[in-house]
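Going by this note's numbering, 25 is the number at position 26 of the sequence shown; the sequence numbering is gapless. Each remark here refers to the structure printed beneath this line.
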Amino acid sequence: MKLIFKSFAVFTLAISLTNCGEKKETDAYGNPVEEKTEVVTETTVDPLLAKGQELFEGKGTCTACHKPDTKVIGPAIKDIAKIYKEKGASIASFINEESEAIVDPTQYETMKANFVITKAMTAEERKALEVYMMSFE
């Protein structure tokens, strides 16, 4: 009887030790299921950048003549941004007709027709357009 009791005690101890470890979740077939960790990164968009894009693609009608990487009627946005960055100039001033054309002066007369739209914008809206356009590289 002592032998049965000792065997039972050893068996119970062995089961207890194996079950007291880290518990892992299993699927319906008893296979271990890996924990899924989800990494969430928040990106903050400059409100002026978002507003500038909205104006550029909408009310400003800029997309009729300007594309990101390609010259259409007017220069590509990335080319405009590059030149304005190099010269330390302000797109907002240009579209308010406060400074000269520096990217492609031959297209100034075409762009001049759009000053009616851009001059009717608030200073903040013109700045938003500038922030959006200067974001291109």
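C-beta atoms are modelled at their ideal positions from N, C-alpha and C, and glycine is treated no differently.
Looking only at C-alpha atoms, which of the options sits nearest to residue i?
{"i": "Met132", "options": "Thr43, Val32, Tyr28, Leu47", "result": "Leu47"}
{"i": "Ala118", "options": "Ser134, Gln106, Ala80, Ser92", "result": "The displayed chain sequence assigns Lys, not Ala, to residue 118. When each option's Cα is compared against that of Lys118, the closest is Ser92."}
{"i": "Glu85", "options": "Asn95, Gln52, Glu53, Glu136", "result": "Glu136"}
{"i": "Ala63", "options": "Arg125, Ala27, Ser134, Asn113", "result": "Asn113"}
{"i": "Glu96", "options": "Gly87, Ala27, Met120", "result": "Met120"}
{"i": "Glu124", "options": "Tyr107, Pro104, Ile94, Glu108", "result": "Ile94"}
{"i": "Ala80", "options": "Thr25, Val32, Ser134", "result": "Ser134"}
{"i": "Gly73", "options": "Ala88, Gly87, Gln106", "result": "Gln106"}
Are the beta-carbon atoms belonging to residue i and residue j less than 8 Å from one another?
{"i": "Ile90", "j": "Tyr83", "result": "yes"}
{"i": "Ala122", "j": "Met110", "result": "no"}
{"i": "Val102", "j": "Asp78", "result": "yes"}
{"i": "Ala127", "j": "Gly51", "result": "yes"}
Does residue i come out as helix, strand or coil in the three-state DSSP assignment?
{"i": "Thr121", "result": "coil"}
{"i": "Lys86", "result": "helix"}
{"i": "Pro104", "result": "helix"}
{"i": "Lys70", "result": "strand"}
{"i": "Thr109", "result": "helix"}
{"i": "Thr25", "result": "strand"}
For residue i, which residues from the same chain have a beta carbon less than 6 Å from its beta carbon, with the 5 sequence-adjacent residues on both sides left out?
{"i": "Cys61", "result": "Phe55"}
{"i": "Glu129", "result": "Ile90, Ala91"}
Leaving out the 5 sequence neighbours to the left and right, which residues in its chain are closer than 7 Å to residue i when beta-carbon positions are compared?
{"i": "Ile116", "result": "Gly59, Thr60"}
{"i": "Asp26", "result": "Val32"}
Considering only residues of the same chain and omitting the five flanking positions on each side of residue i, which have a CB-CB separation below 8 Å?
{"i": "Ala45", "result": "Going by the sequence as given, residue 45 is Asp instead of Ala. Result list for Asp45: Val130, in chain order."}
{"i": "Gly29", "result": "none"}
{"i": "Lys70", "result": "Asp78"}
{"i": "Lys66", "result": "Ala75, Ile76"}
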